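This report concerns only the one structure given below.
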Amino acid sequence: MQTHNQTELYENFRRFNAQVGHTVVWPHYCLTNAGLRDKKGAVSENWQAEVPLLLSSLTATLQARMQAVRMESIERDLLTLKGQVSLLQRGCPAVVPIDTLAPEPLEVIRPFHVTVEPYENEYRASFFDANLSAFGETRNEAIWNLKDIISATFEMFVDVSEAKLGPGPARQFRVLQEFIRKP
Amino acid sequence: MAIITKELALRIVKKLKAEIRTRPNRPHDLACVFEGGILIAAFGIRHGSNKNLGHDHIPDDLHVHPWEAKLLGQCPLSRDEWLTILTKKGLV
Numbered sequence: 001m002q003t004h005n006q007t008e009l010y011e012n013f014r015r016f017n018a019q020v021g022h023t024v025v026w027p028h029y030c031l032t033n034a035g036l037r038d039k040k041g042a043v044s045e046n047w048q049a050e051v052p053l054l055l056s057s058l059t060a061t062l063q064a065r066m067q068a069v070r071m072e073s074i075e076r077d078l079l080t081l082k083g084q085v086s087l088l089q090r091g092c093p094a095v096v097p098i099d100t101l102a103p104e105p106l107e108v109i110r111p112f113h114v115t116v117e118p119y120e121n122e123y124r125a126s127f128f129d130a131n132l133s134a135f136g137e138t139r140n141e142a143i144w145n146l147k148d149i150i151s152a153t154f155e156m157f158v159d160v161s162e163a164k165l166g167p168g169p170a171r172q173f174r175v176l177q178e179f180i181r182k183p
Numbered sequence: 184m185a186i187i188t189k190e191l192a193l194r195i196v197k198k199l200k201a202e203i204r205t206r207p208n209r210p211h212d213l214a215c216v217f218e219g220g221i222l223i224a225a226f227g228i229r230h231g232s233n234k235n236l237g238h239d240h241i242p243d244d245l246h247v248h249p250w251e252a253k254l255l256g257q258c259p260l261s262r263d264e265w266l267t268i269l270t271k272k273g274l275v
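In structure tokens form, the structure reads like this:
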């Protein structure tokens with residue numbers, strides 16, 4: 001292998017840069033990997049002929065790296081989106097129709113809707129019109145507990161009798177009577 | 184953690200001199216508050232041994248803000264003061 005001195009080498013690089021129209025910085029490892037320079041730092045005689053090979057090798061490496069970076073970015077975005085969808089699903093209130101209070105001995109005369117939403121680390125089911133709500137560890141448990149409180153409240157209002165209900169309970173009773181009755 | 188825990192809910196029951204209607208094998212007991220023989224509020228007490236069990240439905244049931252319900256359980260707000268709040272809202 002013939003060697004070039006440092007000045008000659010930089011002069012060749014300067015010419016190459018002038019030909020391509022911009023400055024290309026050639027790191028030492030590029031030259032070594034491309035076989036343009038041996039481990040002792042000597043540059044091969046026909047290094048200029050090998051520059052296109054070096055360029056295509058760099059291009060391929062760069063494209064592979066860009067592809068990998070792109071995939072990593074897509075994976076990261078996908079994970080973020082999955083997390084956000086999961087949060088939305090958990091945080092989104094659900095509206096549930098109620099058409100039976102079984103096994104309670106009460107009849108639903110007009111189906112009504114209740115909402116279920118996450119609350120702290122539980123779920124809260126609410127029948128807003130009647131100002132009644134209940135909690136549960138799952139959506140189903142919250143609905144089940146709300147049905148229980150609806151029937152318990154209604155039966156208690158019936159037991160107490162309408163004349164002995166204050167303004168708040170009387171209003172609740174009137175709302176409940178719109179939807180349920182004792183058969 | 185819930186604003187009104189079961190422990191606090193039971194203190195509210197005591198403070199308001201509520202009558203408990205026990206309901207075995209059901210998820211809730213029912214606490215009824217009477218004033219002058221008239222039912223003015225009712226709320227559910229969840230079954231379960233966990234004293235931190237959430238009872239955040241109670242403020243709505245008592246027609247007060249959550250912090251007022253908390254004060255009821257923690258002592259600073261008396262039964263009479265709560266009745267005054269309800270009277271102002273036309274609920275007594």
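Just so you know, the sequences run in chain order F and V.
The first sequence: position 77 = 77 (our numbering), numbered continuously.
Take any residue in the second sequence, count from 1 to its spot, add 183: that is its number in our numbering.
Glycine included, every Cβ here is placed at the ideal spot set by N, Cα and C.
Given the structure is predicted, the values throughout are model-derived calculations rather than measurements.
Is there a Cβ from chain V that is less than 8 Å from the Cβ of tyrosine 119 of chain F?
-> Position 119 of the first sequence, counting from 1, holds the residue named residue 119 of chain F. Taking Cβ atoms only, chain V reaches closer than 8 Å to tyrosine 119 of chain F, which makes this a yes.
Could you give the residue range of the alpha helix (DSSP H) that holds valine 175 of chain F?
-> Locating residue 175 of chain F in the first sequence gives position 175, counting from the first residue. In the DSSP annotation of this structure, the continuous segment of the alpha helix (DSSP H) that includes valine 175 of chain F starts and ends at 167-179.
Closer than 9 Å by beta-carbon distance: list the chain F residues that pair up with isoleucine 223 of chain V, in chain order.
-> If you number the second sequence from 1, residue 223 of chain V lands on position 40. At a C-beta separation below 9 Å, isoleucine 223 of chain V has these neighbours in chain F: Leu165, Gly166, Pro167, Gly168 and Pro169.
Excluding sequence positions up to five away, which residues of its chain have a Cβ less than 7 Å from the Cβ of arginine 15 of chain F?
-> By one-based count along the first sequence, residue 15 of chain F stands at place 15. Excluding its 5 nearest sequence neighbours in each direction, arginine 15 of chain F has no C-beta neighbour in its own chain below 7 Å.
Taking buried to mean at least 16 other C-beta atoms within 10 Å of its own C-beta, is cysteine 215 of chain V buried or exposed?
-> Numbered from its first residue, the second sequence carries residue 215 of chain V at position 32. Counting C-beta atoms within 10 angstroms of its own C-beta, cysteine 215 of chain V has 16 or more neighbours from the protein chains shown and is therefore classed as buried.
Could you list which residues in chain F have their beta carbon closer than 8 Å to that of valine 275 of chain V, in chain order?
-> Counted from its first residue, the second sequence places residue 275 of chain V at position 92. In chain order: Gly166 and Pro167.
Express the C-alpha separation of glutamine 48 of chain F and methionine 1 of chain F in angstroms, rounding to a whole number.
-> The residue given as residue 1 of chain F occupies position 1 in the first sequence. The residue given as residue 48 of chain F occupies position 48 in the first sequence. Residue placement at methionine 1 of chain F is flagged as unreliable, the pLDDT there being 43, under the threshold of 50; the coordinate-derived value follows with that caveat. Going from the Cα of methionine 1 of chain F to the Cα of glutamine 48 of chain F covers about 14 Å.
Spell out whether any CB of chain F is found under 8 Å from the CB atom of glycine 231 of chain V.
-> Walking along the second sequence from the start, residue 231 of chain V turns up at place 48. No, no contact with chain F.
Mind checking who histidine 113 of chain F pairs with in its DSSP beta bridge?
-> Translated into positions along the first sequence, residue 113 of chain F becomes position 113. Paired residue(s): F:Pro97.
Measuring only between beta-carbons, confirm whether methionine 71 of chain F sits less than 8 Å from chain A.
-> Absent from the structure: chain A. Protein chains present are F and V.
Leucine 139 of chain F lies in the alpha helix (DSSP H); which residues open and close that run?
-> Here residue 139 of chain F is taken as the residue at index 139 of the first sequence, counted from 1. Just to set this straight, residue 139 of chain F is arginine in the shown sequence, not leucine. 139-160 is the extent of the alpha helix (DSSP H) around arginine 139 of chain F.
Consult DSSP for alanine 163 of chain F and reduce its assignment to one of helix, strand or coil.
-> Translated into positions along the first sequence, residue 163 of chain F becomes position 163. It is helical.
Could you say which of V:Asn235, V:Gly237 and V:Leu274 lies nearest to leucine 245 of chain V if we only look at CA atoms?
-> Residue 245 of chain V sits at position 62 when you count from the first residue of the second sequence. It is V:Leu274 whose Cα lies nearest to the Cα of leucine 245 of chain V.
Give the residues from the region 128-139 of chain F that approach chain V closer than 9 Å (Cβ to any Cβ), ordered along the chain.
-> Within the region 128-139 of chain F, the residues whose Cβ lies closer than 9 Å to some Cβ of chain V are Asn131, Leu132, Ser133, Ala134, Phe135 and Gly136, listed in chain order.
To the nearest angstrom, report how far apart proline 93 of chain F and valine 116 of chain F are at their CA atoms.
-> Residue mapping note: residue 93 of chain F aligns to position 93 of the first sequence, counting from 1. Residue mapping note: residue 116 of chain F aligns to position 116 of the first sequence, counting from 1. Just so you know, the alpha carbons of proline 93 of chain F and valine 116 of chain F end up roughly 5 Å apart.
From leucine 199 of chain V to arginine 262 of chain V, what distance separates their C-alpha atoms?
-> Along the second sequence, one-based indexing puts residue 199 of chain V at 16. Along the second sequence, one-based indexing puts residue 262 of chain V at 79. Rounded to whole angstroms, the gap between the alpha carbons of leucine 199 of chain V and arginine 262 of chain V is 6 Å.
Would the beta-carbon of isoleucine 223 of chain V fall within 8 Å of that of glycine 168 of chain F?
-> Residue 223 of chain V sits at position 40 when you count from the first residue of the second sequence. Residue 168 of chain F sits at position 168 when you count from the first residue of the first sequence. It is a contact, given that the beta carbons lie within the stated cut-off.
Along chain V, which residues have their Cβ under 7 Å away from the Cβ of isoleucine 149 of chain F?
-> One-based indexing of the first sequence puts residue 149 of chain F at position 149. In chain order: His211 and Gly227.
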